[in-house]
Structures are given as structure tokens and as C-alpha cells.
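Sequence lines, in order, name chains A and B.
Under full-length UniProt numbering, the first sequence has 438 at position 438, and the numbering climbs by one with no breaks.
Under full-length UniProt numbering, the second sequence has 565 at position 565, and the numbering climbs by one with no breaks.
Structure first, then comments.
There are 2 protein chains.
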Amino acid sequence: MNQDYIKPDNWSIIEEGFDVERVKSSESLFSIGNGAMGQRANFEEAYSGPTFQGSYIAGVYYPDKTKVGWWKNGYPEYFAKVLNAPNWIGINVTINGEKLDLYRSKSVTNFRRELNMKEGWYKRSFNAVLMNGVEIAIESTRFLSLDLDEVGAIRYEVTPINQDVEIVFTPYLDSGITNEDTNWDDKFWDTYDLSHSGDSAYILSKTMKTEFHVCTGMLNQVFVDHTKKDVYPKVETNGTYVNLSYELEVAKGKTASIVKFGGYTVSLNHKQEDLVTASTTVLKQASDSGFDALLDLQKQAWSKIWEMADIAIEGDVKAQQGIRFNIFQLNQTYLGKDPRLNIGPKGFTGEKYGGSTYWDTEAYCIPFYMATKDQVVARNLLTYRYQHLDKAIENAEKLGFTNGAALYPMVTMNGEECHNEWEITFEEIHRNGAMTFAIYNYHRYTGDYSYIPEKGLEVMIGVARFWHQRATFSTDKNKYVILGVTGPNEYENNINNNWYTNYLAKWCIDYCVENIKKVKDEYSSDYKRIIEKTKLTQEEIDSMLEVANKMYFPYSEKHQVYLQQDGFLDKELITVADLDKSQRPINQKWSWDRILRSPYIKQADTLQGFYMFEDHFTKEELAKHFDFYEPFTVHESSLSPCVHSIQAAALDRMDQAYTFYLRTSRLDLDDYNKEVEEGLHITSMAGTWMSIVEGFGGLRIKNDRLSFTPKIPKEWKGYTFNVNFRNQILKVNVSQQGTSFNLEGDQELMIYVDGKEFKISPDSLITV
Amino acid sequence: MNQDYIKPDNWSIIEEGFDVERVKSSESLFSIGNGAMGQRANFEEAYSGPTFQGSYIAGVYYPDKTKVGWWKNGYPEYFAKVLNAPNWIGINVTINGEKLDLYRSKSVTNFRRELNMKEGWYKRSFNAVLMNGVEIAIESTRFLSLDLDEVGAIRYEVTPINQDVEIVFTPYLDSGITNEDTNWDDKFWDTYDLSHSGDSAYILSKTMKTEFHVCTGMLNQVFVDHTKKDVYPKVETNGTYVNLSYELEVAKGKTASIVKFGGYTVSLNHKQEDLVTASTTVLKQASDSGFDALLDLQKQAWSKIWEMADIAIEGDVKAQQGIRFNIFQLNQTYLGKDPRLNIGPKGFTGEKYGGSTYWDTEAYCIPFYMATKDQVVARNLLTYRYQHLDKAIENAEKLGFTNGAALYPMVTMNGEECHNEWEITFEEIHRNGAMTFAIYNYHRYTGDYSYIPEKGLEVMIGVARFWHQRATFSTDKNKYVILGVTGPNEYENNINNNWYTNYLAKWCIDYCVENIKKVKDEYSSDYKRIIEKTKLTQEEIDSMLEVANKMYFPYSEKHQVYLQQDGFLDKELITVADLDKSQRPINQKWSWDRILRSPYIKQADTLQGFYMFEDHFTKEELAKHFDFYEPFTVHESSLSPCVHSIQAAALDRMDQAYTFYLRTSRLDLDDYNKEVEEGLHITSMAGTWMSIVEGFGGLRIKNDRLSFTPKIPKEWKGYTFNVNFRNQILKVNVSQQGTSFNLEGDQELMIYVDGKEFKISPDSLITV
């Protein structure tokens, strides 16, 4: 563990005490978002110390020109960057002529931050003594509205402690911002209009190349002693900023405050010429309601989210705080309203990893969103990939594939590839299988087949075609092989016959063909449309099946396990336990070649396949593979421990399962990887949720029904989670004594618990 | 073939006609060098069309900060760049107030370039009509002196054709130059002093970071109608240039000329404070001799080089021109006088490929230099690596090796690694074996064992230690394996058990241990010193031998060939002949993953091993391996065809051998790879020489003697080459009728011809 300053609390993230060394970490940890926009917890007032400024708008990106040492054919020319957007939160504060700046104050005391996850707001308070001797108390409360998702609100309060003072609040908008992550120091934003009127101001700017137009707006109200003051602001502007200055005389002990409503309207959602009007309208709506009323709505909205998504843990406050932080951040990042958006790996908390979408979404996030939201959310996530199908076909063409074969990008924003290491971009192709798996998973969970004839089958065909063409026939083995890949374990590159990839490829073809038949039989007009569009022939289908039927899987008779790849047993099989601690994490201590020839596994690979296709294998087979691979797994990916946790639980190894759980749930809060400054690991947070619900709770879908095998770590008294299953809510409470199920819905539900059938009636509780 | 404008000629490279599209290519092809410096064939006068300016000083480089898309542990922080050096060749020419610029002239006729390889000079002549209507004839002759290797000389002659004119010659020095190849647009040179005196001028500048100090100097003489004129020049300077202007009145039909001596003195060879004096002295020495006398010396010096190095071909002028161009360029690049220098892949003809030294030197160049120069030259090349041993040990340490294991860099200038693709830098480790092989080859050829106890054994121990640590034990195979490598065939990355690498590793250990014993027995004081320094123990030696003895070699019983690597037979084994022509060259047409999973071989890999260790295998084995691998070889490396040519000749497949020969010998002249603009492929030129001497001539060392199996392509009447063997010169003439040997020396020489012994007496000729 690398830092431990966050106070344990069931519902809040709390920091106490001011430490300049922690500012950037806290800026990440206290980030707020509402699905449409988000921001790091930067200070409103000026701060001259080390800080990482960031405010982000969902779906707005910049195509930065790719930078590589050595170009390889097929690399994407551009690389979508998450963009730092114009700053609307800034409020300069001057007290008796001195600008408030915590980095240059005489003293800062009682510094406290709280991110209230239950209610969705962030508050910072402190006392400061300025260089001019004035002592003030500050409290600033901020939230991004879930109801008006183009609006954020700040209430910034200043109370002079030791003398009467003159306070100048200067709320401003600034589009002269830069990205930390830029390849060529390009200019990302072009500001083309500024305007102001009374207490409002607007900046119109557009992103270079992509031409997203954004109106950044603000509307301010000032108060002294809780009474609204009509102060006419002094205006200052230049090409990229607008300042409005409010001068106030404030008596000692009285409070001056400014309420600033701000945010973005974007050409993704409005006509370009309407952006200012839209901004004016929504800001007026917010200010008419007022800060408190808007905050009440915020609390209600979050309450609704928690109603479905919460996991309550009794008897372990740090575990409780961890899981709620994960659930909270996932909901801040993506609410599922807009099929053009997705779940960025850093959400709205940093710039790293250009692009927003990894296979993480399909493999880890969809189960979370399916169980905690309406099923339309998961369907929107699937639709996102459907909308990118043409780009995936183009992407495959760049690599030499033909005839509608689709290769989904490793990372993307708009469907184009945003990654450029050959061993990943060109070779980590298993990601493609996750697209089909997510469709299967969606149907399995929701029972909604309609997505497949409407959209899903086309994706499946593109993916199956890719595998068909990508596999090659080995005369030597008399089998189809898949050469030159990188599996989920990125500590192996350019390997042959990665078991996970081969298994997934075969499954994708089989499942696609199965659905082609079903759609042909049951959805003939869809079938006709799809066949016309894809020009799929029976001959091609037969040839696909030939590949699937003769797929090669590396296997060790001696160990009775499938091998992660050809040649795995040639490695020096020294377990992680036997590796000197000074050598870890190996990705920081070892050169890449050494990592590659070692047996160490960055994240579940063969076991990832056992997780996804658990019912294809016996428990004994799972145990054999777990016992073989787990000792070599270093879990240096944030996505790794959750799969191991779920499998350890399935194998009744609860101590191990609990250890893995702890590792995933407080990854960012305790900064295990020493990089929280750069932002949070959003997508892996869904894995944490899975560790509890699928791991401890044992949730599966069996025979079209929910199935549970509830277990509980000995460290906990109990835990409760909810799942939305086909529009009914099932509340599950697991304690050391037993498990109870409570159905909120209107139809009887048959479930399995530990393999036995139970019938649950609406609004009734059963205990097992 | 992509261009064909060079006129066939036995001794010269000739271009006729002016074509702006060819300027950059010709700048490469007509490059001149003298081992200490070199330059592209840029025009002396101003030229505003597309040009690639380049002048280079041996051993002077800049450590550019590494640029990669994604950093990996172990990458070198800096990357030595070949540096464009201050321009000393420039002579602006103004005729009646108009600056001569071929890109902006009314017409250019009779344009001709000649690079006279026999005599070592470059001449350009043309007639131009200026925009002001003046017609002039120009002839410019240039060479870099072999005798005074800090001096170059230019004679630039202008003859007005249609009127009397005023001509202004403005010879200049300019250190305000830039590199085309720079990662971060750093400033590479810092100019800190300029001076001039009479007809001379000097610029003192130093390279940033590396602080090589260079004095660039010039000394001019002007003539009208071949009579020296004492014209006092007008001087113009700024921070980075000095112009001297000479105004001359020239009558129609008379010739005005300027002779400019210029060049560099460098802190590698002089004290920093003596640089200007050294420059003054050497330029004065040159001008005292005069242009013609210095040119005579140049002709004599080249005559001496050719006496040893020439290969004469009768009956095939293009083949003749090709081989002489190769021999000429190798000698322009490296003359073997200075053990701090090496043979850069682009010599003095371009900037590409930072660093100067690849394993090309050990594998391809050393045989050429051993046979065509005094053996001290090859010894200097070996010493270069000995001087870098400490850096090679550091380099290995960066990758996690210990205890004096040495990994020589893939590319280097000063011993540090200059390459940063993980699959090459960290994995193309076979290069390390070439260091030991070159020592073995040197001893085999020269009979000089003294290098081994003095220096070579330490290198061999460092290399053997590396292989010892790099190999790992496979319990599954009960053998030592070498995982995660890139072989000479760079179209395979991160493969396991590359046969060439494994074979070389075993051989390096065996040969090292053999020499440890020999040095122990015969050079006890050297032995003591080496053991003290390396701390080598018997235990370590035994452990090394254990690895060598149990090394694994992939083999196919079915095909009866060693496999290039594990899993090679899993590929789709479609031969190059069956590959559609539109797909080639695959490195331009295919994405990297597709290349990697294909069977196509960029350059000899398994066959490279058969070339180096030919006597370990039978001719039948060679044939089997050649027949197996040749059909998959695409020869997309300039280093590839020569090995195949030699082996085809050994297998009596002369048509094939001849085809391969043609491909290598005119690679640059005919611009096969469409990139000659960037510079020439210097190191592969040694392979062309090998194709004739070792291929057609069949030169080998057997039982400490020269052995030949002379063959001749049916297209040729005859060919002649010389070899320096242990300080005697053997001239070999092969014709369709037979082979004759002529020994210039003082001792009888026993040789084998087609396996039979022959005795050759000094200064006698025998015909076989």
C-alpha cells in the first residue's frame, strides 16, 4: 500500500489536513462526474503548487497524430485523445488585495475534503491565514447535476475571522487550457466567440480537426450574510477568457458567498447555432431553482441509483468504502443514457490512455450495468459497437482481411483504432471475441433476443469472419492454428495458439452459426436483410465451421491442463511465491524481454476463458487450471484479481477470494500502483462489483434463471446486494447465518440456491 | 528496378542530363569520403530545389533523446545520431548580379556527373543560361584527400559563353546547419568562434552534449584564364557563417576559377586549443601543393587501394561497375586506420540509422577488410569491440544480467545501445555471437593468435557468460532453451529456440572454453590477468559447458532440416514463387502481424548459420536446408542475397548464384528499394564482394590454408581478384578456361584448388 490518508467511512471519501504532496492524488480521488461531463477535484481559487487540471466532456476528443519510434504498416494515423476542456469552475478570490492561493498562504488549517457518495456532492473546507495577516474560513461545495446534466454548481463561502475585509470574487471561464498528454503540442481548441451579459458569460470554442463545438457558460449569484446582493460585475476578457469581478465589503464573522452555475452545451446534442441559447436556458433553469433545490434533486437522483446499485457490507468499513467508491465512480462515468458514449478507462478523472473504450466494457462492465440498471443501458453499450461495425471492417482491411471481416479496435473513441504497439494493436485480437460474448451474455441475462436479429448478428458475422480468416491451417498439426497473438496476459507477445484466443475464436464461429440458423428460422425478414448486406454464403459458413471444428488447443497430458500457449512448459516455472520480493512488480523491475520469457501472468488468461465459459468445464477442471496458473499470476493489471477472486470463491477457497477482493476494491483509494495522480482505474471497478456478486454471492444464469451459491468472508458480518433481473429487483442479503432473498416485482421468480430450486413470490422474503 | 540512369562504365559512375527529380538520388550515389569525413554530392553553388544536404565527420555524433510511443524498461535513454556537420563546400556564384541556381535557370544543358572510382574524384559539368540571358559553362571537380584526410579540395570553373561578365565567387563556411533526422528538434551544434584572415576563414563549433569540438576551415585561390589573381575578398559574417567574396571581370570565352581547400580538424585528434592552428597548417600544406599535385597524390593513393581490392570482371560492364562501386564505397567509408571508428550502415552518405556499428561489421565486413588490407585493419575492427566491452557489460546489466555477462548493442556509436524496438534491442541477441565469431574468423584467416590472449578472450568470456545466463532449462524438454529472441530474420519476433541463435550460443561457449584452456596453457601471464579481472571460476565454466552440451535444437524428422524456430512448421508454407507479385515487397504491403505469421524470411537465418559453420555440415545437409528455406526467403534485407549466392555457388547452382549476385551488386545504383535518396547501403557492399570471392571463387580457409573451388557465371568471360593472405598477395584469375594463381610474396604458399593441394612459389603463376 502506498498511501493511507483517506479516512474510513461508510458513505464518504474524507481527507483531513493539507499536504501539497497529496494535491494531485486527491484531485483524482475526489473527482466528480455525471455521465455527460466530469472533472478532477481542482481548487476553484488560484493554486500555484503542483496540480493536474482537468475537466472533460463525454464524447469530445481530439485526433492526435500518432507518435511512434518506428512506424509499422497498419498503425492508425491518428489517436483519439481525451481532451481537457475549458475551465468553468475557476473563482479567483482576493482578500484585501491579496489573491488567495493555498500554496502561498501563511498557514492552512482544518483542511478537509469530503466526497459524499450517497448524495453525490464534493465539499472542501479550510481556514487560511494570508500573507497579509487576514484569517478566513472557506467552504466550497460542488456537484455536477444528474438532473440537468449540462450544469454544475458551486457554492463558495468565505468568512473573515479576524477583521473586516474587502473580498473580490472573480468567477471566470477559460478556454486557454492545454492537455498534459499531447504528442506534438498541437493546439486542441480554437476559441471563436466570447460574450457576457449581467452575471453570465459564454465562450464558444471548437476542437481542432474534429470540430466539436462547445459553449462553456457561467451564471453567478453573490451573497453577503446569506442575502443575495445585486453587484454589477466588472468585466475583463481577452481571446480565451472572461472574468467577472464582484467586490464585496464583509464584516468579520459574516459570510460572503458566490454561487456559480456553469457547464457545457455541446454540438453533439444541439445545433451549433443554438449552443449559447441552450446554455443560457439551462443555466437560468438551474439558478431559478437555486443551489439548494438543485442539490436536493441531486440527492434524490443518487438515492435512486443506490437503491439499485448499492452493496452494503456489515462489519468491514474499509471494504464498504471501497465497494461504494467503485460503484459511485462507475455511475459518475457512465449512466447508459447515450449509445454514443462508453466507459473510459480513466473516466473523467485524467487524460491517460487516449480513447474511451476497451474490451473491458464487454468483459467487465456489462454485467454490472445489466444487474444495476435498466436493460436498455446494456443494450446501449452493445449498440455502441454495432455503430462502429463499419469502422471495425475498415480496421480489419488495413491489416489485410477482406469480405466484411471485422476487427474491433483495442482502444477507441469513434470506432477507429487508438493504439499503436504492434503486439497489442495488431495481435491482441482476443478483444474481438468479447464483442460476441457480450451479446451472448446480454441475451443470457436479459432474455431479450431481439437485439440479435436487429443488430447483434451482423457484429457476430463480422467477428466470425475475422476468426475464419485469421486462423491458418497447420499441415504439421492437421489442425487450424492461430499464430502470432497477444492474449489477455500482455506479458506474452506474438505467441502461437493462445488457448483463450483459440477457444474464443471457435466459440464465436459456433455461436454465430447457431444464431444465423435461429434468425433464418424465426426472423426471416431480418435474415434476408442481413444476408443481402453481408453477402454471406452457405459455402462461407461451412468453411467457418471447418475452422471451428478443427481448431487446435494446446494441452499438457502431464499436467492435465490446457496450455496458455504453445511452448508454455519450456519456461522456468518458478512460482510468484518463490520470486524474490525485490523483483516485483516485474513491470517496474524487469526489462521487457525478461518479462516475456518468464512464466508470469499479468492478468487472468486461460482462467479468463474458464470464467467466461465456466459451464463448459467441470469443477475439477477449474481447480486443476486454477492451481496451475494462479501461482504464476502477478496481477499487475487492475483487471486481474476479480476473476481469480470469483474462481477462488467457486472453489470454496474463501480466504484467497477475500484477499483478491481487497486488492481490487481499494486499488485507487490506497494507491497500490503509485499512479492515482494520473486518474482512477474506472473499468476495473466493475470487476470489484463482480467479485462480490458473482464471487461471494455466486450469481450465475442457469437454465434461464438466476442461480446463487452464497458465501461470506469470515471477516464480514453480512452483505447485501440487489440485482435487476428481467425488470424485477431481487435483494440478496448474505450473513454468516444464511441468505435471504426479497423480490420487488410482480411476478414469481424461480431461482437456484446452491443448486436447489426456490420459488420467490413478489414482495416476499425467503431465507435459505 | 526503379531507376536506370547511371551509364554503364568500367571505372566511373556517370550521369548525363539534369533532372530535378534525380538530384537527391545522385547526391547519394556520387557521395565522396576518405574514411575521416565524407559528404553527399550537394552542389557547391546555391540550389533552391529539393536537396538533402549532408557532410559528416567520422566519430562525431549527437546523443538524441530517445523517442518511443511506449517506454519499456531497458530502452536506452539516448540514441547516437549521425550528425550533419558544418558546410565547407559552399561557393555562391553570381554572374552579372544573378545568383547561379540550377533550379531557377532558363536552361541547363550538357549536365554531366562523373564519380571516377579509379582515381577518387567527382566532377560535375554543365552549361546554363541564366534568367539574365548570360550563358556559362561550369566544371567543378572535388575530392576528399586520402593523404591529408582533414582536407577536401574543389576546383570550380566558370566560362562565359555569350558575353563578357562580372563574376562574384563567394566561398563560405556555414555551421547553421540542421539534421533531417532529429527526434526533438534539438540544436545539435553550438558555434562559438569565427575568424578570417586573407583568403582563409575558420568556424569553431562544438556538438551539444557530446562536446566534440570542430574547426571548419577554408582557404581559397582564384584564377582568371588560369592565372592566379590576388583579389582581396569582401568579408561577411554572422553568428554561424563566414562569406568571402571575390569579384572578377571575365571576358567571353575565358575561364574564371576558384580553388577551395576546406575541411575539418576535430578534438578527437587535436587538443581543443590547437584546432585552428591545425586547420591553418593542413590547409596551407594543401594549397602549397596546389590542387593538381594533391589530385595526383589522390590518384596514387586510390591506385594503391585498387591494387589490393579490385575485382575485374570481363564481359559484363554492369556487373563490373557494380562491384567496383561497392569496393569503392567501402573504402571511402572505412580505411581501418583508427580503432575508434567503424563502418556505418550509410557511411558518409546519409543520416538514417543512428549509430555507426551493427553486427554487419563482424559478419560481413571483416572478411572484406582482412583480404584486401593489412591485417591490422581487421584487428582494429576487433579492438573497437574490445574497447566497448565495459559498455556491453553495462548494457547486459540493464537487462538484468550479472557477473560480467556482456551484451553488445544492436547499433552503437560509443558502445551504448542506439536502438529502441524491444523485439530488436532486447531480443535480437544473436548479434552477440558475431563478436566471438569475428575473433575466430580473424584467427582462422590471419593465423594471428596473439589477439585472443591480449583482448579477444575477455570479449569471448563476456559473451559466453551472457549465453550461459540467457539460456534457461526446460524441464519439459530436458534441454536448455533460449526463449524470446529475434533471429537474423527480423520477420519473426519473440520466437523460441531460433536455431541460428541456439547454435551460435552453444558454439560461443564451446569456443570460449577451448580458448580459456589454450590461453591457460600457453599464455600464463595473460591468463592470470584475465582470471583476476573476470573472476571466472571452474564452476562457472562447468556450468557454461552444461548449457552448451544440453542445448536444444529444433529439428524436423520429416523434412530432415533444423527448424528456424519452434513451431515453424505450423505456418502456411506457401513459397515466395506462389505469392502474388502484388503482395511484394511484403514489408511495404503487409501489416506487421501478417508478416510475422507468414513463413517469409527477410534474410538468411538458418542458412546464415550454415554459412558461418559450413564445415560442421555435409554438402547434402546444406542442400536440404537451402532447398527448404530458400523458397521462403524474400531477401528484403540488403544483407540477404550474398549468403544465398555463396551457397548456391557451393551447390553448383551457378544460375541462381548469378541472379543473387546481380541483386546485391547494383542495389543502390539501380535503386531496387526506392530509397537511395536517403543514402547508400554500405555494409551490404561487403556481401557483394563475398559473393564473388567466396561464392564464385570459393575461397575458404581449410587446414590453415587458402582453399578455392573456382566457378564462373556463363555470362562472364573471366574475373580477377586479389587476396592478402598472411602478408602475401595472391592474384586469382578465373576464366571459362581455367583458373590461374599468381603469388606476390616471398614464401611458398600451399593452397587447395577443388580439394587438391597446389604449391605456389613467390612471383610465379600457376594455372589449374
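Yeah, the Cβ is synthetic: ideal placement off N, Cα and C, and Gly gets one too.
Here the structure is a predicted model, which is why all the values come from computation and not from measurement.
Legend entry - Distance, P50 of chain A Cα to G69 of chain A Cα: 30 Å
Inset, instruction - Please report how far the alpha carbon of A577 of chain A lies from the alpha carbon of P631 of chain A, in whole angstroms. - result: 7 Å
Inset, instruction - Taking 8 Å as the cut-off, decide whether the C-beta atoms of L765 of chain B and S735 of chain B are in contact. - result: no
Inset, instruction - Using alpha carbons as the reference points, say which of B:S55, B:N84 and B:A41 lies closest to Y62 of chain B. - result: B:N84
Inset, instruction - Identify whether P762 of chain B lies in helix, strand or coil by the three-state DSSP scheme. - result: coil
Inset, instruction - Using the Cα positions of Y611 of chain B and R142 of chain B, report the straight-line distance between them to the nearest angstrom. - result: 41 Å
Inset, instruction - Measure how close the beta-carbons of A89 of chain B and G347 of chain B come, nearest whole angstrom, since I'm counting them as under 8 Å. - result: It should be noted that the sequence gives Ile, not Ala, for residue 89 of chain B. That pair is no contact at about 17 Å.
Inset, instruction - Please list the partners that K506 of chain A has in chain B, where partner means a Cβ-to-Cβ separation under 9 Å. - result: Result: empty, since nearest Cβ-Cβ is about 17 Å, beyond 9 Å.
Inset, instruction - Could you spell out where the alpha helix (DSSP H) holding residue 769 of chain B opens and where it closes? - result: This structure cannot speak to residue 769 of chain B, because chain B is shown only from 1 to 768.
Legend entry - Given P762 of chain B as reference, the closest of B:Q728, B:V753 and B:Q737 once Cα atoms are compared: B:Q728
Legend entry - Contact list for N494 of chain A against chain B, beta-carbon separation under 7 Å: N493, N494 and L596
Legend entry - Amino acids of chain A, ordered along the chain, whose beta-carbon sits closer than 7 Å to that of W70 of chain B: E421
Inset, instruction - Report the partner residues of Q39 of chain A according to the DSSP bridge assignment. - result: A:I32 and A:S55
Inset, instruction - Please classify residue 770 of chain A: does DSSP put it in a helix, a strand, or coil? - result: This structure does not reach residue 770 of chain A, given that chain A is present from 1 up to 768, and the question cannot be answered.
Inset, instruction - Indicate whether at least one CB of chain A lies closer than 8 Å to the CB of D566 of chain B. - result: yes
Legend entry - Contact set between V561 of chain B and chain A, taken where Cβ atoms lie within less than 8 Å: Under the 8 Å cutoff, chain A gives no residues; its nearest Cβ is about 13 Å from V561 of chain B.
Inset, instruction - Give the residues of chain A in contact with E636 of chain B, contact being defined as C-beta atoms less than 7 Å apart. - result: Those do not exist, as E636 of chain B stays about 13 Å from chain A at its closest Cβ, beyond 7 Å.
Inset, instruction - Spell out whether any CB of chain A is found under 8 Å from the CB atom of W590 of chain B. - result: yes
Inset, instruction - Answer yes or no: do N670 of chain B and Q3 of chain B have a C-beta to C-beta separation smaller than 8 Å? - result: A small correction: the amino acid at residue 670 of chain B is Asp; Asn does not occupy that position in the sequence shown. Contact: yes.
Inset, instruction - May I ask you to report which of helix, strand or coil DSSP gives G315 of chain A? - result: coil
Legend entry - Enclosing beta strand (DSSP E) for C418 of chain A [first to last residue]: First-last for C418 of chain A: undefined, no H or E at that position.
Legend entry - Rounded straight-line distance, which links the Cα of L29 of chain A to that of K229 of chain A: 35 Å
Legend entry - Residues that K398 of chain A contacts on chain B, provided the C-beta gap is smaller than 9 Å: S591
Inset, instruction - Evaluate the contact criterion for the stretch 140-156 of chain A versus the stretch 259-277 of chain A: three or more CB pairs, one atom per stretch, below 8 Å. - result: yes
Legend entry - Alpha-carbon to alpha-carbon, A604 of chain B and E532 of chain A: 48 Å
Legend entry - Entirely enclosed beta strand (DSSP E) segments - the stretch 411-487 of chain B, minimum 3 residues: 472-474 and 479-481
Inset, instruction - Put I751 of chain B into one of helix, strand or coil per three-state DSSP. - result: strand
Legend entry - Bridge partners - Q221 of chain B, DSSP secondary structure assignment: B:V259
Inset, instruction - For L765 of chain A, decide whether its Cβ has a neighbour in chain B, counting only Cβ atoms nearer than 8 Å. - result: no
Inset, instruction - State the beta-bridge partners of D742 of chain B as determined by DSSP. - result: Checking the sequence, you will find Asn at residue 742 of chain B rather than Asp. Per DSSP, B:K731 and B:L765.
Legend entry - Neighbourhood of G54 of chain B by C-beta, 6 Å cutoff - its chain only, sequence neighbours within 5 removed: R40 and N84
Inset, instruction - Answer yes or no: does any C-beta atom of chain B fall closer than 8 Å to that of S474 of chain A? - result: yes
Legend entry - For W359 of chain B and A464 of chain A, the rounded distance between their alpha carbons: 44 Å
Inset, instruction - Could you round the C-beta distance between K65 of chain B and S591 of chain A to whole angstroms and report it? I think they count as a contact, below 8 Å. - result: Wrong, their Cβ atoms sit about 19 Å apart, outside the cutoff.
Inset, instruction - Rank A:F223, A:F188, A:N243 and A:K254 by C-alpha distance to the C-alpha of I161 of chain A and give the top, closest one. - result: A:K254
Legend entry - Cutoff 6 Å; reference C215 of chain B; Cβ partners in own chain excluding five residues on either side: Y202, L204, T265, L275, V276 and S279
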